[in-house]
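Chain order of the listed sequences is B and S.
Counting from 71, one number per residue, gives the positions in the first sequence under our numbering.
Counting from 71, one number per residue, gives the positions in the second sequence under our numbering.
From the three backbone atoms N, C-alpha and C, an ideal C-beta is built for every residue, glycine too.
Structure, as structure tokens:
Protein chains: 2
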Amino acid sequence: MTAGEGLRERKKRETGMRIWRTALDLFTERGFDHVSVAEIAAAADVSKMTVFNYFGTKEDLVTAPMMNHVGDVVRAVRERAAGESAVDAVRRQFLEMIEVRDPSIGLNDDPRSLQARQLIQNTPVLLQRASLAFSQAQGELAELLAAEGGDPMLAAVAAAQLTGARNALINEHHRRILAGESAQGVADDAAERTERAFAQVENGLGSYPGPKRAPQ
Amino acid sequence: MTAGEGLRERKKRETGMRIWRTALDLFTERGFDHVSVAEIAAAADVSKMTVFNYFGTKEDLVTAPMMNHVGDVVRAVRERAAGESAVDAVRRQFLEMIEVRDPSIGLNDDPRSLQARQLIQNTPVLLQRASLAFSQAQGELAELLAAEGGDPMLAAVAAAQLTGARNALINEHHRRILAGESAQGVADDAAERTERAFAQVENGLGSYPGPKRAPQ
DNA sequence: GATGAAACATTGACTCAGTATATTTTCTGC
DNA sequence: GCAGAAAATATACTGAGTCAATGTTTCATC
């Protein structure tokens, strides 16, 4: 092994980066559906096959970053302390991520991230892809909880409750940042929101939503 | 309008049925990915275009029946009595569906349904499609709850909790029936399972899953 | 440095899902 | 029967993703 990283690896990262940036710019300019992979390849100065080598599908060009974090929730639960509850583990990890403004929970507003989010919101097939990431995380968590010895069916319910709260929070971040708020502003009251969301999971829905306000 | 149904409508239903059955048989025989739409069309004695007229996509050939029920949960909540909680509404509807052995919650074991389920379990792209149906139902429910006046973010969490419990129950039905149990057997203790699942949503996860049993 | 082997990129041809258009068949109401 | 509507078809196309064969780089070893 050579020192550092190796020229090969560096070039590979650079090519991947170039393809990704090129694609995001073209998508933003003309919309996801109106850009073909062949065009992206040409603009990034590689062959079409190379694009598929780096990103398995056209959708991955936009959603790859978020797919790298599907394992985060399950990791929080797997690595929790002996006496910690599942809710505590997921909530604690999420609060820590807020502290460090983790981009994977939506707490950043750099232009490239905004591009990607806008794109996802405006493109049905990308929204589907995002919901796939959610259900994958949920499935992994359900498996882990079931493996810890509980009823697998209740484990699946628990996984839905936990990932549901987490995803709702992330979506709220995305929504507000796309509405124009600064990442700082969204992060400021994120902890408070987090407590409310997980409290609803920890203490139950009870008679939610209380007396109906708008029957229609 | 002629009496009854009209020859045109009947033929249309029959053609759709024939395409659907043909597709399911071919898929079961050789796997979803190894049957082309052109083959299905030929086997059903129609043109490829006709297949896409009846079923928008190849996936719909398998998942269309389940997509007709994405609105069920949101309907339960929308049409609930004035004082009823959301949990009560969803649980009550589900218990009623158990009573009548509703196929849409997995309580049937006729061969064609088994085929479809097996196919979905064995085909990643169809699993994705199923998870899409889930997230669609969840999104609609979140919207309704938010429209009733609560905090939209908490409404999204509540929707995840409710649909999570419901989906876990349906998956359990599917799992057991695919494992060879009779629909009757699965239905027999379905009500009890339903109570446990929704209790976990109504009363909260608390310190779930209690002391860790299998740390690894 | 030179060299051989693996890894990677490229090319071009291919399959198949899905769309568009124009045409023909098939049913319905009169 | 016949006019008009609705559905089915043939045909041709776009674009995603795959495959096989062939270059081209990179690196490890001599």
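ask   = Is DSSP giving B:Arg171 helix, strand or coil here?
value = Coil, per DSSP.
query = Rounded to a whole number of angstroms, what is the C-alpha to C-alpha distance between S:Ala203 and S:Leu239?
reply = Taken atom to atom, the span from the alpha-carbon of S:Ala203 to that of S:Leu239 is near 15 Å.
task = Establish whether the CB of S:Glu251 and some CB of chain B are separated by less than 7 Å.
result = The C-beta of S:Glu251 comes no closer than 7 Å to any C-beta of chain B.
task = Count the other CB atoms, across all protein chains shown, that sit within 10 Å of the CB of S:Ala284; report buried if there are 16 or more and exposed otherwise.
result = With a pLDDT of 45 at S:Ala284, under the threshold of 50, the predicted position of this residue should be treated as unreliable, though the coordinate-derived value follows. Flag for S:Ala284 reads exposed.
request  = Measure the CB-CB distance between B:Leu165 and B:Ala261 and report whether it falls below 7 Å.
outcome  = In this structure, B:Leu165 places its C-beta atom within 7 Å of the C-beta atom of B:Ala261.
message = Can you pull out the residues from the segment 254 to 282 of chain B whose beta carbon lies closer than 9 Å to at least one beta carbon of chain S?
response = Listed by position, the residues of the segment 254 to 282 of chain B near chain S (Cβ gap below 9 Å) are Arg263, Arg266, Ala267, Phe268, Ala269, Gln270, Val271, Glu272, Asn273, Gly274, Leu275, Gly276, Ser277, Tyr278, Pro279, Gly280, Pro281, Lys282.
ask   = Smallest Cα separation from S:Gly280: which of B:Ala230, B:Ser155, B:Leu215?
value = The option with the nearest alpha carbon to S:Gly280 is B:Ser155.
query = How about B:Leu134 and B:Ile110: are their beta carbons less than 7 Å apart?
reply = Looking at the sequence shown, residue 134 of chain B is not Leu but Ala. Contact: no.
Under the three-state DSSP convention, the category S:Glu149 falls into = DSSP places S:Glu149 in the coil class of the three-state scheme, outside both helix and strand.
query = Helix or strand or just coil, what does DSSP make of S:Gly126?
reply = Coil at S:Gly126, not helix or strand.
ask   = Counting only beta-carbon atoms, is S:Arg83 nearer than 7 Å to chain B?
value = For S:Arg83, the answer is no, since every Cβ of chain B falls outside 7 Å of its Cβ.
message = With a threshold of 7 Å between beta carbons, is B:Glu218 in contact with chain S?
response = Residue contact with chain S for B:Glu218: present (Cβ-Cβ distance below 7 Å to some residue of chain S).
key: Listed by chain order, chain S residues near B:Asn178 by CB distance under 9 Å   = Correct list: empty, because the minimum Cβ distance to chain S is about 19 Å.
ask   = Tell me which same chain residues have a C-beta within less than 8 Å of the C-beta of B:Ala73, skipping the five on either side of it?
value = With a pLDDT of 34 at B:Ala73, under the threshold of 50, the predicted position of this residue should be treated as unreliable, and no value is reported.
task = Using a Cβ cut-off of 7 Å (strictly closer), state whether B:Val157 contacts chain S.
result = Among the CB atoms of chain S, one or more fall inside 7 Å of the CB of B:Val157.
request  = Return the residues of the segment 232 to 246 of chain S that lie within a Cβ-Cβ distance of less than 8 Å from chain B, sorted by chain order.
outcome  = Legend: CB atoms of the segment 232 to 246 of chain S lying less than 8 Å from CB atoms of chain B belong to residues Leu232, Thr233, Gly234, Ala235, Asn237, Ala238, Leu239, Asn241, Glu242.
inquiry  = So, under 8 Å CB-CB, S:Val143 and S:Leu189 are touching, yes? Tell me the CB distance rounded to an integer number of Å.
reply    = Actually they do not touch by this definition, with Cβ atoms about 24 Å apart.
key: Inter-residue Cα distance where the pair is S:Ala114 and B:Arg83   = Using only the alpha carbons, I get a separation of about 49 Å.
inquiry  = What are the residues in the segment 99 to 130 of chain S lying within 9 Å of chain B by C-beta distance?
reply    = Taking a C-beta cut-off of 9 Å against chain B, none of the residues of the segment 99 to 130 of chain S qualify.
message = At the 7 Å Cβ level, is B:Arg80 part of the contact set with chain S, yes or no?
response = Interface residue (Cβ-Cβ distance to chain S less than 7 Å): B:Arg80 is not classified as such.
request  = Please name the residue in B:Trp90, B:Asp130, B:Gly101 whose C-alpha comes closest to that of B:Ala112.
outcome  = Checking every option, the nearest Cα to that of B:Ala112 belongs to B:Trp90.
inquiry  = Cutting at 8 Å between CB atoms, please list the residues of its own chain near B:Leu197, excluding the five before and the five after it.
reply    = Counting only Cβ-Cβ distances below 8 Å, and skipping sequence neighbours, we find Ile190, Gln191.
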